[in-house]
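Student: So that we are looking at the same thing, I have put the structure below in structure tokens.
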Amino acid sequence: MPSGKLGAGVTNEVKKMVVEEAGDDLRARADRLQLSDEQLVEMFRTMCEIRHFEYMADKLYAMGKVHGTMHLSAGQEAVAVGTARAVHVDDYLINHHRGHGHFIAKGADIKLMMAEFLGKDTGYCRGRGGSMHIADFSSNSLGANGIVGAGIPQAVGVGLALQMQKSKQIVLAIFGDGAANEGVFHEALNMVALWKLPVLYVCENNKYGMSMDIERAAAKLPIAQRAESYGMPWYCIDGNDILTVYDTMKTAAESARSGQPVLVETLTYRYFGHSKSDRNLYRSKAEIEEWHERRDPIKRFEAKLTQAGIMDEALARKIDDDALAAIDEAVAFAEASPDPDPSSLTEFVYA
Amino acid sequence: MPSGKLGAGVTNEVKKMVVEEAGDDLRARADRLQLSDEQLVEMFRTMCEIRHFEYMADKLYAMGKVHGTMHLSAGQEAVAVGTARAVHVDDYLINHHRGHGHFIAKGADIKLMMAEFLGKDTGYCRGRGGSMHIADFSSNSLGANGIVGAGIPQAVGVGLALQMQKSKQIVLAIFGDGAANEGVFHEALNMVALWKLPVLYVCENNKYGMSMDIERAAAKLPIAQRAESYGMPWYCIDGNDILTVYDTMKTAAESARSGQPVLVETLTYRYFGHSKSDRNLYRSKAEIEEWHERRDPIKRFEAKLTQAGIMDEALARKIDDDALAAIDEAVAFAEASPDPDPSSLTEFVYA
Amino acid sequence: MPEITYLEAVRQALWEEMKRDDRVFLLGEDIGRYGGAFGVTHGMLDEFGPERVRETPISEATIVATAIGASMLGMRPVAEIMFMDFIYLALDQLVNQAAKMRFMFGGRTTVPIVLRMPGGSGTGAAAQHSQSIESMFMHFPGLKVVNPSTPKDAKGLLLTAIRDPNPVVFVEHKLLYKTKGQVPEGEYTIPFGVAEIKRPGKDLTLVANNVMVMRSLAVAERLAKEGIDVEVIDPRTLLPLDTETIIESVIKTGRLLVVHEACQTGGWAGEVIASVTGSRAFDYLDAPVRRLAGKDVPIPYNRLLERAAVPQEEDIECEIRAIVTGKY
Amino acid sequence: MPEITYLEAVRQALWEEMKRDDRVFLLGEDIGRYGGAFGVTHGMLDEFGPERVRETPISEATIVATAIGASMLGMRPVAEIMFMDFIYLALDQLVNQAAKMRFMFGGRTTVPIVLRMPGGSGTGAAAQHSQSIESMFMHFPGLKVVNPSTPKDAKGLLLTAIRDPNPVVFVEHKLLYKTKGQVPEGEYTIPFGVAEIKRPGKDLTLVANNVMVMRSLAVAERLAKEGIDVEVIDPRTLLPLDTETIIESVIKTGRLLVVHEACQTGGWAGEVIASVTGSRAFDYLDAPVRRLAGKDVPIPYNRLLERAAVPQEEDIECEIRAIVTGKY
Ligand SMILES: Cc1ncc(C[n+]2csc(CCOP(=O)(O)OP(=O)(O)O)c2C)c(N)n1
Ligand SMILES: Cc1ncc(C[n+]2csc(CCOP(=O)(O)OP(=O)(O)O)c2C)c(N)n1
Ligand SMILES: [Mg+2]
Ligand SMILES: [Mg+2]
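Residue numbers (our numbering), protein chains in the order written: chain A, 3 to 353; chain B, 3 to 353; chain C, 239 to 566; chain D, 239 to 566.
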């Protein structure tokens with residue numbers, strides 16, 4: 003049983019954005035979840051890689067090497083990794099604009115991601131898509147979306163195809179708290195519930211849709227309780243506690259696989275501004291620090307891993323350094339890559 | 003207290019579409035609702051008028067006098083009249099495609115309605131709109147809509163204007179069970195709840211959206227329970243018992259007037275096919291007869307009025323005859339009216 | 239060759255392709271027992287079952303999104319948008335998503351969906367059920383826009399549409415459903431981007447789509463008796479548009495008239511005219527190039543107004559006379 | 239006259255009109271503290287408060303519907319659609335509702351709403367945040383389409399838009415926000431349907447909108463030194479479109495080139511060209527009428543590809559030379 007509550011309204015806690023992580027110690031929990039030390043460490047490593055990717059992206063932008071905008075997910079690493087590890091590698095992913103972490107967690111090649119981010123011909127989308135449109139069809143990553151909420155109804159079609167093809171795969175569809183106010187959220191949840199499609203919806207609630215505090219955008223919280231309108235099970239969990247995420251997603255994924263779609267809301271926080279145009283006028287320094295200090299998903303996981311003796315200080319540093327090195331390598335690859343040839347402009351409009 | 007249940011899931015009954023009408027006898031109930039005999043009789047009379055209007059529309063269509071389609075509301079008269087009498091005459095109405103009854107109940111001039119239905123220049127819309135687009139801005143009837151669900155979000159704007167203008171009026175927005183699956187339903191309910199707008203949403207659940215049985219279109223019933231996603235009160239009531247409708251709408255309207263929007267679902271049934279193209283292949287004769295025989299809103303009200311001695315057989319017949327006569331008069335007026343002058347075609351595109 | 243209606247031709251194409259390729263399925267509102275608002279899919283539910291003739295809630299945006307998602311997994315969805323006017327509800331999915339995906343993703347995916355939608359006026363359905371917006375879709379690279387005027391074209395082009403790897407908007411016309419025409423025996427397809435000269439002529443090139451092809455041909459036959467020889471060209475697909483055939487014709491006739499029901503301003507006639515007047519055909523033009531199109535008004539309910547809103551045979555005839563006699 | 243940016247001009251118009259008329263209010267996403275994605279409404283929340291600078295959830299269809307509903311009760315809503323590409327989500331409300339209501343209802347109501355939306359490429363925002371679809375709106379009778387290229391036009395036309403009783407689509411361009419220009423002191427409005435000759439000339443008539451006006455003027459100045467005298471016309475409003483001014487100009491110059499960033503196929507150049515070649519100006523044409531427009535592709539992310547997708551100064555210069563020298 004996942005530690006997130008099924009159904010029961012955790013409204014008040016959510017309103018205060020205070021969600022206590024499950025109490026039981028890491029070791030016991032990992033055993034129950036049948037997670038080996040190697041797996042736990044790999045999860046930590048991937049979180050570090052995502053964190054470094056995002057800070058590097060920000061740095062490259064500041065250095066004027068990026069033409070375009072970006073939406074960074076630093077602070078939300080536990081959702082990406084905990085979810086990706088809870089589903090099967092061949093399950094499908096429909097991503098959203100703040101999707102770097104989910105791609106990396108699903109195993110994307112950061113070299114090709116970085117190349118796409120810098121608009122190079124070696125990138126996942128041959129430099130045509132950029133940060134907002136990274137996709138990797140070879141690994142069933144169906145792509146990110148620049149239109150908020152637009153991937154939510156597309157998951158209905160992916161789920162329907164899987165059902166018609168009698169596949170055992172599911173589709174994981176990620177979106178934000180703000181996206182849940184688009185009309186397609188309603189149309190899609192009704193349909194997946196009605197048709198019993200293998201869809202796992204994950205709402206990354208990072209408290210804001212751009213500058214809009216969720217409490218000024220949604221009439222009732224948590225977002226996840228909206229699933230009840232469709233008789234769909236839902237969870238609202240601490241998205242910064244990776245094992246809570248993993249645990250919940252395991253249960254949710256199996257439910258989806260058996261034909262009962264689920265909506266999971268993960269409470270988390272974005273560290274960077276919404277995008278390059280953000281001056282952070284709508285939230286307080288104190289709030290941002292609070293999340294960095296007390297709720298950082300990586301620090302929390304690192305502390306537990308070391309407490310449990312699964313990782314020591316030195317290993318942690320090494321893992322982190324290796325992750326950074328991998329990012330530097332990706333940047334080198336991307337920078338050394340050629341731009342697309344302008345004469346190829348009209349390619350790919352039609353198949 | 004209305005006889006409809008607030009919140010509590012009447013799901014099962016709804017699934018079976020068996021909703022018992024409130025037990026208490028008419029007299030006691032009318033007294034509690036402070037409805038005079040005159041008012042009760044007027045309500046009956048208006049129901050008869052709507053019924054005759056719809057049958058006449060069907061007849062005119064069969065006679066080939068109508069160019070275009072129509073959506074008739076025969077069988078749903080109690081919703082229209084019970085609702086219209088529960089709100090204030092100057093409250094706003096946003097209507098849907100099956101809207102004849104609501105217009106008549108709001109006091110529209112059936113001559114001008116019939117003229118519009120026949121596409122005459124004397125019609126409410128100068129013959130430009132027809133059955134699907136009748137509006138009467140002089141009486142705050144903001145018009146019907148040919149796009150299913152499109153009026154639902156427009157009510158947000160009307161409610162917002164009323165709030166900004168510090169008006170005491172509310173807006174009544176009518177839509178069907180099928181319309182509740184459009185994305186704008188979700189966007190709009192979230193906003194009216196969030197902004198505490200004076201909006202009363204009425205979902206006329208007549209069991210089908212065109213040929214689509216509500217159980218094949220909505221993942222969970224009743225439709226009204228969807229209001230909980232937004233913390234909005236809701237009712238699911240017997241829409242063929244006019245006093246239950248009146249009673250519930252009174253309470254709901256006052257709630258809306260005080261800034262707490264409400265969603266009321268009225269269980270009813272459409273007698274005619276969806277539109278001219280309907281061959282009724284998706285529902286059984288038995289079902290249709292069942293509703294005619296056991297649940298007809300006019301028969302039920304007539305029986306109670308006579309039982310209570312408020313109206314006798316003879317008066318009932320006279321009222322019915324007068325209503326029919328009024329319709330005949332409207333037809334005569336419409337048929338005697340001129341078509342719009344083709345040279346006026348480009349008028350009204352711009353103000 | 240058997241004679242069937244335009245409606246039957248569309249159904250035959252769907253039916254035969256579903257028999258041939260089990261990745262093909264239909265989705266939309268009331269397409270099952272009801273057979274769709276115009277009866278196009280009548281009988282298909284019994285033949286193919288509710289999985290492949292999938293009825294949806296009234297949620298147009300998600301109908302199109304569902305087609306997109308399924309197509310990315312190798313399915314071949316054909317969605318019915320009950321009336322063309324309703325596509326606005328799904329335009330983000332069609333334009334920002336389906337049309338742009340292949341390009342945004344660097345050619346690494348395809349979105350093979352077909353959206354069937356009846357357009358046009360003439361049934362008294364008024365402003366929200368009668369629009370002709372095929373021109374709009376031409377402005378969205380990534381889409382293909384098909385617009386048949388005969389049963390033969392309808393069947394052959396729909397088969398091509400379903401097999402095309404790109405998103406295709408397949409525009410039908412309400413007034414054509416009951417019209418009859420000969421259709422070849424057995425399977426055949428008609429390529430996109432190939433206009434058909436429905437009637438050869440030497441005095442004037444008239445380009446028209448769907449219902450206007452029928453009306454223009456009727457007028458052309460009448461005028462032929464007076465020695466006015468009109469060449470009637472049906473592009474059949476608006477995107478890709480076969481400008482070569484039109485340019486060649488104008489070089490021959492020296493005169494061009496484009497006729498469509500869609501509102502004149504912003505209508506596809508402008509695209510045809512710009513393509514011709516910017517081409518080598520310019521030097522062969524003997525007269526101003528003209529267009530006869532729907533008035534710039536929403537479609538009215540009243541029968542007389544509705545008729546006056548779009549080109550009728552008498553309007554076409556009068557415009558042709560004006561051009562050939564140089565009087566306007 | 240004071241010099242201000244295009245962005246400040248838009249804000250000034252909103253600010254002054256909200257001071258003058260308390261029926262006017264703003265609604266949209268992140269238009270408060272954030273000031274909108276481009277900062278246009280920055281500072282207005284503090285001045286006018288959250289009621290009149292109303293931030294909404296991310297629900298575009300209902301943003302437009304809310305404006306419609308409020309306008310029918312006498313309010314004057316000005317909604318911001320953060321990026322033009324998002325309007326597809328609200329197109330049913332804009333086209334089936336706002337544009338058709340007055341007509342459907344027999345002239346008994348008006349829908350005075352303004353939708354501001356920035357369009358255009360050049361910021362690396364890729365396919366879903368860079369489209370130019372002003373042409374599309376021209377095809378929807380009932381709407382008015384405004385598209386200013388200078389701070390002066392932006393302010394004067396926005397005031398006119400807010401006071402207009404009809405639904406108005408007000409298209410801004412991201413690359414123009416920071417451009418500066420002189421704006422008259424005090425209140426002034428600019429009427430719809432009146433093109434402005436931004437530069438008189440006698441050799442060729444060049445019609446362009448927003449960013450392309452700027453680029454065309456730069457090229458025109460360069461070519462003037464070589465004695466090639468280009469007349470640059472900015473329609474300013476695409477609907478209504480001032481075809482008379484363009485026709486008069488073509489009668490004078492005998493040559494026409496239309497330049498826009500929007501994709502060529504189905505773009506508004508076709509409308510201008512059809513209006514001219516169908517008019518009395520036809521007899522004065524000395525050369526094929528040409529258009530130079532965006533390539534028929536979604537806007538790519540990569541800087542070089544993005545630049546190649548829309549007309550640049552060198553492309554405009556080269557096209558002008560080709561026309562005046564008759565070489566193409
Ligand atoms: C349809 C649409 N509306 C608005 C935007 C602009 N926009 C981009 S991201 C964003 C906020 C989305 O919030 P949320 O869904 O919570 O995701 P987050 O950015 O917080 O991860 C907005 C308003 C958009 N891209 N698409
Ligand atoms: C957006 C849109 N989709 C589909 C239709 C076609 N249509 C007209 S009425 C209708 C059924 C609506 O069902 P409901 O909302 O229950 O109203 P009812 O007709 O049952 O009164 C449909 C599908 C439409 N007019 N608009
Ligand atoms: Mg968010
Ligand atoms: Mg219904």
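Virtual Cβ for every residue (Gly too), placed ideally from N, Cα, C.
CA-CA distance, Ala519 (chain D) and Thr563 (chain D)?
Tutor: Counted from its first residue, the fourth sequence places residue 519 (chain D) at position 281. Counted from its first residue, the fourth sequence places residue 563 (chain D) at position 325. Answer to the nearest angstrom: the Cα atoms are 21 Å apart.
Student: Would you say Gly273 (chain D) touches ligand 3, meaning its beta carbon is less than 6 Å from a heavy atom?
Tutor: Taking the first residue of the fourth sequence as position 1, residue 273 (chain D) is located at position 35. No, Cβ of Gly273 (chain D) sits at least 6 Å from all heavy atoms of ligand 3.
Student: Indicate whether at least one CB of chain C lies closer than 7 Å to the CB of Met134 (chain B).
Tutor: On the second sequence, position 132 is the one that residue 134 (chain B) refers to. So, interface residue.
Student: First and last residue of the alpha helix (DSSP H) that includes Gly357 (chain D)?
Tutor: To locate residue 357 (chain D), count along the fourth sequence from 1; it is residue 119. Run containing Gly357 (chain D): none in the alpha helix (DSSP H); it sits in the beta strand (DSSP E), 352 to 357.
Student: Whose Cβ in chain A lies nearer than 9 Å to the Cβ of Met342 (chain C)?
Tutor: If you number the third sequence from 1, residue 342 (chain C) lands on position 104. Within chain A, the residues near Met342 (chain C) are Cys127, Arg130, Gly131, Gly132, Met134, His135, Ala137, Gly145, Gly148, Phe350.
Student: Short of 7 Å Cβ to Cβ, which residues in the region 281 to 311 of chain C face chain B?
Tutor: Cβ contacts with chain B come from Glu293, Pro295, Ile296, Ser297, Ala299.
Student: Identify, in the order they occur along the chain, each residue of the same chain with its Cβ nearer than 8 Å to the Cβ of Lys18 (chain B), setting aside the five sequence neighbours on each side.
Tutor: Here residue 18 (chain B) corresponds to residue number 16 of the second sequence, with the count starting at 1. Interpretation of Lys18 (chain B) is limited by its pLDDT of 31, a score under 50 that renders its predicted location unreliable; no figure is taken from the coordinates.
Student: In chain D, which residues lie less than 8 Å from Thr503 (chain C) when you measure between Cβ atoms?
Tutor: Numbered from its first residue, the third sequence carries residue 503 (chain C) at position 265. Simply Met376, His377, Pro379, Leu477, Leu479, Glu509.
Student: Indicate, with yes or no, if ligand 2 has a heavy atom lying under 6 Å from the CB of Phe324 (chain C).
Tutor: Position 86 of the third sequence holds residue 324 (chain C). Yes, the Cβ of Phe324 (chain C) comes within 6 Å of a heavy atom of ligand 2.
Student: Could you check the C-alpha separation between Gln335 (chain D) and Gln366 (chain D) for me, to the nearest Å?
Tutor: Here the question's residue 335 (chain D) lines up with position 97 in the fourth sequence. Here the question's residue 366 (chain D) lines up with position 128 in the fourth sequence. So the alpha carbons of these two residues sit roughly 25 Å apart.
Student: For Lys231 (chain B) and Ala219 (chain B), what's the separation of their Cα atoms in angstroms?
Tutor: Position 229 of the second sequence holds residue 231 (chain B). Position 217 of the second sequence holds residue 219 (chain B). Note on identity: in this sequence residue 231 (chain B) is Ser, with Lys being the wrong assignment. Roughly 19 Å between the two C-alpha positions.
Student: Does the CB of Pro403 (chain C) have a neighbour CB from chain A at under 7 Å?
Tutor: For this step, residue 403 (chain C) is matched to residue 165 along the third sequence. Yes - at least one Cβ of chain A is within 7 Å of the one on Pro403 (chain C).
Student: What is the DSSP secondary structure of Thr268 (chain B), reduced to helix, strand or coil?
Tutor: Start at 1 with the first residue of the second sequence, and residue 268 (chain B) comes out as number 266. It is a strand residue.
Student: Starting from the C-beta of Glu189 (chain B), find all residues in its chain whose C-beta is less than 7 Å away, skip the five residues before and the five after it, and write them out in chain order.
Tutor: By one-based count along the second sequence, residue 189 (chain B) stands at place 187. Excluding residues within five positions, the ones whose Cβ falls inside 7 Å are Pro155.
Student: Can you tell me whether Tyr210 (chain B) is helix, strand or coil according to DSSP?
Tutor: Locating residue 210 (chain B) in the second sequence gives position 208, counting from the first residue. Tyr210 (chain B) falls in the strand class under three-state DSSP.
Student: Using a Cβ-Cβ cut-off of 7 Å, state whether Asn385 (chain C) counts as contacting chain A.
Tutor: Taking the first residue of the third sequence as position 1, residue 385 (chain C) is located at position 147. False, the Cβ-Cβ gap to chain A never drops below 7 Å.
Student: Roughly how many whole angstroms lie between the Cα atoms of Pro240 (chain D) and Arg249 (chain D)?
Tutor: In the fourth sequence, counting from the first residue as 1, residue 240 (chain D) sits at position 2. In the fourth sequence, counting from the first residue as 1, residue 249 (chain D) sits at position 11. Whole-angstrom Cα-Cα distance: 15 Å.
Student: With DSSP as the reference, please indicate the residues paired to Val262 (chain D) in a beta bridge.
Tutor: In the fourth sequence, the residue the question calls residue 262 (chain D) occupies position 24. Paired residues: D:Arg314.
Student: Listing by chain order, which chain A residues have their CB less than 8 Å from the CB of Thr427 (chain C)?
Tutor: As a first step, residue 427 (chain C) is located in the third sequence; it is residue number 189 there, counting from the start. Those do not exist, as Thr427 (chain C) stays about 17 Å from chain A at its closest Cβ, beyond 8 Å.
Student: Could you name the residues, in chain order, whose CB is less than 6 Å away from a heavy atom belonging to ligand 3?
Tutor: Result (chain order): A:Gly178, A:Asp179, A:Gly180, A:Asn208, A:Tyr210, A:Gly211.
Student: In chain C, what lies closer than 7 Å to Gln366 (chain D) by C-beta?
Tutor: Sequence index remark: in the fourth sequence, residue 366 (chain D) carries index 128 (1-based). Ordered by position in chain C, the residues that pass the 7 Å Cβ test against Gln366 (chain D) are Asn334, Lys338.
Student: Tell me the residue span of the alpha helix (DSSP H) that contains Lys393 (chain D).
Tutor: Locating residue 393 (chain D) in the fourth sequence gives position 155, where the first residue counts as 1. From DSSP, the alpha helix (DSSP H) with Lys393 (chain D) extends over 389 to 401.
Student: Name the chain D residues that come within less than 8 Å of Arg189 (chain B), Cβ to Cβ?
Tutor: Within the second sequence, numbered from 1, the residue matching residue 189 (chain B) stands at position 187. Checking the sequence, you will find Glu at residue 189 (chain B) rather than Arg. Result: Pro295, Ser297, Ala299, Thr300.
Student: Measuring only between beta-carbons, confirm whether Met256 (chain C) sits less than 7 Å from chain E.
Tutor: You won't find chain E in this structure, because its protein chains are A, B, C and D.
Student: Do Val266 (chain A) and Tyr237 (chain A) come within 7 Å of each other at the CB atom, strictly closer than that value?
Tutor: The residue given as residue 237 (chain A) occupies position 235 in the first sequence. The residue given as residue 266 (chain A) occupies position 264 in the first sequence. Yes, these two residues count as a Cβ contact at 7 Å.
Student: Trp407 (chain A) bridges to which residues according to DSSP?
Tutor: Past the edges of chain A, shown from 3 to 353, lies residue 407 (chain A), and the structure says nothing about it.
Student: Do Val514 (chain D) and Arg488 (chain D) come within 7 Å of each other at the CB atom, strictly closer than that value?
Tutor: Taking the first residue of the fourth sequence as position 1, residue 488 (chain D) is located at position 250. Taking the first residue of the fourth sequence as position 1, residue 514 (chain D) is located at position 276. Contrary to the premise, residue 488 (chain D) reads as Val rather than Arg in this sequence. Yes.
Student: Could you check whether the Cβ of Tyr232 (chain A) sits closer than 7 Å to any Cβ belonging to chain B?
Tutor: The sequence position of residue 232 (chain A) within the first sequence is 230, counting from 1. With 7 Å as the cut-off, Tyr232 (chain A) counts as an interface residue toward chain B.
Student: To the nearest angstrom, how far is the alpha carbon of Glu298 (chain D) from that of Val333 (chain D)?
Tutor: Within the fourth sequence, residue 298 (chain D) is the residue found at index 60, counting from 1. Within the fourth sequence, residue 333 (chain D) is the residue found at index 95, counting from 1. C-alpha separation (whole angstroms): 14 Å.
Student: Val150 (chain B): beta carbon under 6 Å from a heavy atom of ligand 2?
Tutor: By 1-based counting over the second sequence, the position of residue 150 (chain B) is 148. Checking the Cβ of Val150 (chain B) against ligand 2 gives yes.
Student: Please report the straight-line C-alpha distance between Ala353 (chain A) and Asn385 (chain C), rounded to a whole angstrom.
Tutor: Here residue 353 (chain A) is taken as the residue at index 351 of the first sequence, counted from 1. Here residue 385 (chain C) is taken as the residue at index 147 of the third sequence, counted from 1. Cα to Cα, Ala353 (chain A) sits roughly 21 Å from Asn385 (chain C).
Student: Please go through the same chain and pick out, in chain order, the residues whose beta-carbon is closer than 7 Å to the beta-carbon of Glu255 (chain D), but skip the five residues on each side of it.
Tutor: Here residue 255 (chain D) is taken as the residue at index 17 of the fourth sequence, counted from 1. Excluding positions up to five away in sequence, the list reads Val262, Leu397, Ile400.
Student: So does Glu267 (chain D) have its beta carbon nearer than 6 Å to some heavy atom of ligand 1?
Tutor: For the purposes of this step, residue 267 (chain D) is identified with residue 29 of the fourth sequence, where counting begins at 1. Because some heavy atom of ligand 1 lies under 6 Å away, the Cβ of Glu267 (chain D) counts as near it: yes.
Student: Closer than 6 Å by C-beta to Ala251 (chain C): which residues in its own chain qualify, once you throw out the five before and the five after it? Chain order, please.
Tutor: For this step, residue 251 (chain C) is matched to residue 13 along the third sequence. Here the set comprises Lys393, Leu396, Leu397.
Student: So what does DSSP say about Ala221 (chain A), is it helix, strand or coil?
Tutor: Indexing the first sequence from 1 puts residue 221 (chain A) at position 219. Coil at Ala221 (chain A), not helix or strand.
Student: Please determine, among A:Asp341, A:Phe303, A:Ala80, the residue with the shortest C-alpha to C-alpha distance to Thr270 (chain A).
Tutor: By one-based count along the first sequence, residue 270 (chain A) stands at place 268. Minimum Cα distance to Thr270 (chain A) is reached at A:Ala80.
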